[in-house]
Amino acid sequence: MTRKILGLAALSAVLMSGTAFAQTTVKIGVLSDMSSLYSDIGGPGSVAAAKLAIADFTAKNKDIKVELIGGDHQNKPDVGSQIANQWYDVDKVDAIVDTPNSGVALAVNEITRSKNKTFLVSGAASSDLTGAKCSPNTIHWTYDTWNLANGTGKALVKTGGDTWFFLTADYAFGHALERDTGAVVEANGGKVLGKVRHPLNTNDFSSFLLQAQSSKAKVIGLANAGGDTINSIKQAAEFGIVKGGQSLAGLLVFASDVAALGLPTAQGLVLTETWYWDLNDDNRAFTKRWQQERPGKFPTMVQAGVYSAVTHYLKAVAELKSAADGKAVIAKMKAMPTDDPLFGKGEIRADGRKIHPAYLLEVKKPEESKYPGDFYKVRATIPAAEAFRPLADGKCPLVSG
Amino acid sequence: MERVLDPIATSADRPKARAEVVAFVVMVAALIVAPFFLYPLFLMQALCFALFACAFNLLIGYVGLLSFGHALYFGWASYLAAHAAKIWGLPPELAILTGAATAAVLGVMAGSLAIRRQGIYFAMITLALAQMMYFVALQVPFTGGEDGIQAVPRGFMFGFLDLSNQMTMYAVVLVIFLAGFLFIHRIINSPFGEVLKAIRENETRAVSLGYKTDRYKLAAFVLSATLAGVAGGTKAIVFQLASLTDVHWAMSGEVVLMTLVGGLGTVFGPVVGAFVIIAMQNYLSAFDQWVFVIQGVIFVVCVLLFRRGIVGEFAHLLRIKL
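What follows is the structure, given as C-alpha cells:
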C-alpha cells in the first residue's frame, strides 16, 4: 500500500560499499502532500531537502547507511495513517518526517507513539503536537500556530498595528488561529474591532473584504490557510486594501505562497517565518544546492526544517548506533544541543518543541525586489526565548508528569 | 402474498444457488489465507469498504434506489463509534453498535424524506442531506473538525479479544464482514427481498398487487444505512481514527464506483469492486494524482464495455448467478 517509492525518492542515499565497520542502517520516510495544496510547502521539496541532509551527513559518517522513501498522504488522515502503519510494519521505516496537514500529523503522532518509532514534524502547524497531544516519540521542528500567531500579532501591535479585524475560515483551525492571535493582540494592548467568518474554500471574498475595509482596522488578520489565503490576498489587492493604508497579516503564509501570488499582489503582506532562504550565506548556499533538484523554486521554512531535523536525527542515531528504539532516539535528540547550517544553534524542549528564533517579514514592493526570490524585508527578529509558547502553557503531560 | 412469490423464485434459482455456494466458499477461503500474504491492514480496509459497498448494493441493486449520500451513514457511524470508544470508554463491540444505531437513526430520517421522490430527485435529496451533515461534522466540536477523532482505542472485544493484535483484529473484521454479507444475502433471498425486487422491476405493479411500497423502500433504506454504519464503525476501530474523508461526498461517489465496477445487483460484485478500487488506490498511489485519472478511465471503460461489472459479466458468461 502506498509503497509510493517515488522514483526520485527511492534513491537511497547510498554509501560506500566495502567499508569494514559495522554499519547502522536507518530508513527515513518523508510523508507529505506530493500532489495538492501543500505540495509546494513540503512535498517533493522536502524529499530533496532530506536527500541533501543525508548526503551531507553520510559524507562524514561512513558507518551509517540511510535509505529514504517518500509518500503522498493526499491530505487525508486515513490515507496518512495507512501509509504510516505500512511503513513501520512492512517497510521497516524508522522515522517519518515532514507531514504537513495537522489532521494527518496528529494521526501519525499516535501511530508513532504506539509503535515506538520517531516522528519529526516540520510541515504541520498544530501546536497541540507539543501541547495536549505531545508524545515522547515526536519532535515538532519548524513552526507552529502559536509561534506564527504570536510572532505576527505581537510584533504588529508593537509597531503600531493596534486595531485588528479578522477574516476567519469557518472551521476549527481558523477559529483557533483567530482566538490565539486575538488573545495576543489584546494582551499587548491592541484591540480586536471585529471579525467575519467565511466558508472554507470559498472563491468570493468581496463582501468579507468590504466589511474588513469599512471596519477601519489598521490590520486585517487572515486566519485561514492555503487557497483561501491566496484568494483573499488576491482580492484584497483588487480592492486596494493595502494601498488604502490597512495592512494584511497572513497568519499562515509560506514563501511558496508569496512566490505563487507574485509581489505585485502580495506586497505589504506581513507574516512570520522561522527561516528565509536569503537571510545569510549558509541559507543561500543550501538554496543553490536544493535548486538543482527543484529548479526555479525557493525552499520554504518547512523544507529547511526537514533538512535540519534529519541532520539532528542522524547525529543522535550515530551516537546510539541504532535507530530501533524511537523513545531513546528522541531522548538523545533532546539531550544534544542542535546545530546545523540552516537554523544555527538551538535546543529541543522536554515537550518536543524545537526552539529557534523567528522573523517578522514584510513582502517587498515589486520595485524593491532585485532578483528572483527576493521576497521579504525583515521587520523584526523574535528571539528564540520568545518565539514559542512557554513550556508551562502547553499543558503537555510529559512536562507536568 | 409473499409466499406466492417464494417457490417460484427458489425453483428457478436452484441450479444457480450451487454456484453461489461455491463462490462463497472460495471467497471465505481466500480471505482466511490472505493475511498471511498481504498486509492485514490493507485487507481490513478493503473488507470494511466491501461491507459498505454490499450495503449500498442492497439499495441500488435490489430496490433500484440510487442513494448518492451513503457517506452520511458510513462517516457518522465512524464518528460516533470513535467517540463512544474514546470518550465514553465503551468496548469495541458496543462502539460499533453505537455507530450502527446512529446510522439507523439517520437512515430513518433521511430515508423517510427521500423515498417520497424517485430517480434523480431521490439521489439529489440523499446527496443534499449528506452534504448538510458533512458541514455539521465540520463544525461541531466533538468531531474535531478537519483533524478528526484521533487515537481511538481498539480495546478488547467482549472483554478478552485483544484487538491491538493485528491478526485478532483481522479475524474480528472478517467475522463482521461475513455476518453482514450473509445477512444481506438472507434479505435479498427472503420474501421481503422478492418484494424489493418486484418494486425495482415495476413499482406501479407492486402497488397494484397491494404492497405498501413506501414501507418496503424505507425498510430497505434503513437496513442499508445500518449496515453501512456497521462498516463505518468497524473502520473507525480498525484505523483508530474517524475523519472528514468518510463523510465527504467523494466517499459516496466511491461506493457507487465500487459497486458498478464489481457488478450492480450481484451478491459478490461489491466485494470484488471494493477490493479492486482499494487495491488501486493503495498500490497505484505512486502515480500521485494520476490515481484519480486511472480510476476515472476504469469507470468509463466499465460503463462502456462491461456494464454488468466484473462479477456480472463473469456470471453472464458462465450463465450462473453470483
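Chains W and V supply the protein sequences, listed in that same order.
So that you can map any letter, position 219 of the first sequence is 219 in the working numbering, and since no number is skipped, the others follow by simple counting.
So that you can map any letter, position 187 of the second sequence is 1187 in the working numbering, and since no number is skipped, the others follow by simple counting.
The beta carbon of each residue, even a glycine, is placed where N, CA and C say it ideally should be.
Bear in mind the structure is a predicted one, so any value in this text is a computation, not a measurement.
Interface flag for residue 27(W) against chain V is unset, since no Cβ pair is found closer than 8 Å. Uninterrupted beta strand (DSSP E) stretches at least 3 residues long and entirely within the segment 113–180 of chain W occur at 118–121, 138–140 and 163–169, given in chain order. Taking all protein chains shown into account, residue 1194(V) has 16 or more neighbouring C-beta atoms within 10 Å of its C-beta and is therefore buried. Scanning 1238(V), 1132(V) and 1117(V) for the CA closest to the CA of residue 1150(V) turns up 1238(V).
Residue-level contact check: residue 1147(V) touches chain W, since one or more beta carbons of chain W fall below 8 Å from its beta carbon. Interface with chain W (8 Å Cβ-Cβ cutoff): residue 1305(V) is excluded. Closer than 8 Å at the C-beta level to chain V, one finds no residue of the segment 341–352 of chain W. Looking from the CA of residue 60(W), the closest CA among 325(W), 378(W) and 314(W) belongs to 314(W). Residue contact check for residue 1041(V) against chain W: a CB pair falls below 8 Å. For residue 137(W) and residue 85(W), the gap between their C-alpha atoms comes out near 15 Å. About 6 Å separates the Cβ atoms of residue 1234(V) and residue 1173(V), confirming a contact at the 8 Å cut-off. Contacts with chain W at 8 Å (Cβ-Cβ) do not include residue 1228(V).
Taking 8 Å as the cut-off, the beta carbon of residue 230(W) is found no closer than this to the beta carbon of residue 269(W). Close CB contacts of residue 191(W) within its chain, under the 8 Å cut and outside five residues either way in sequence, are with 162, 163, 164 and 185 (chain order). Within the segment 155–175 of chain W, the residues whose Cβ lies closer than 8 Å to some Cβ of chain V are 170, 171, 172 and 173, listed in chain order. Rounded to the nearest whole angstrom, the C-alpha separation of residue 384(W) and residue 194(W) is 31 Å. Secondary structure at residue 1157(V): strand, using DSSP grouped into helix, strand and coil.
Between the alpha carbons of residue 247(W) and residue 212(W) lies a gap of roughly 11 Å.
For residue 247(W), the enclosing beta strand (DSSP E) stretches over residues 247–250. When C-beta atoms of the segment 323–341 of chain W are compared with those of the segment 373–384 of chain W, fewer than three pairs fall below 8 Å, so the two segments do not count as touching. At a cut-off of 8 Å between beta-carbon atoms, residue 1295(V) makes no contact with chain W. Restricting attention to 1312(V), 1264(V) and 1284(V), the CA atom closest to the CA of residue 1061(V) is found in 1264(V).
Residue 198(W) sits in a strand when the DSSP states are folded into three classes. The continuous beta strand (DSSP E) containing residue 377(W) extends over residues 376–382. Taking C-alpha positions only, residue 1071(V) is separated from residue 1248(V) by approximately 6 Å. For the segment 1241–1275 of chain V, the set of positions with a beta-carbon nearer than 7 Å to some beta-carbon of chain W reads 1241, 1243 and 1245 in chain order.
Chain-ordered listing is empty here: chain W has no CB closer than 9 Å to the CB of residue 1037(V), the nearest sitting near 12 Å. Take residue 266(W), set aside five residues on each side of it, and the residues of its chain with a beta-carbon closer than 7 Å to its own are 233, 258 and 363, in chain order. Nearest in C-alpha terms to residue 349(W), of all of 394(W), 369(W) and 365(W), is 394(W). In this structure, residue 1049(V) places its C-beta atom within 8 Å of the C-beta atom of residue 1278(V).
Residues of chain V whose Cβ lies closer than 7 Å to the Cβ of residue 106(W) are, in chain order, 1147 and 1150. With respect to the C-alpha of residue 312(W), the residue from 123(W), 329(W) and 302(W) having the closest C-alpha is 329(W). Fully contained in the segment 1166–1243 of chain V are the following alpha helix (DSSP H) runs of length 4 or more, in chain order: 1166–1188, 1191–1201, 1203–1208 and 1213–1239. Per DSSP, the unbroken alpha helix (DSSP H) holding residue 1313(V) starts and ends at 1309–1318.
A straight-line Cα-Cα distance of about 52 Å links residue 1227(V) and residue 55(W). Pairing residue 1128(V) with residue 1075(V) gives a Cβ-Cβ distance that is not under 8 Å.
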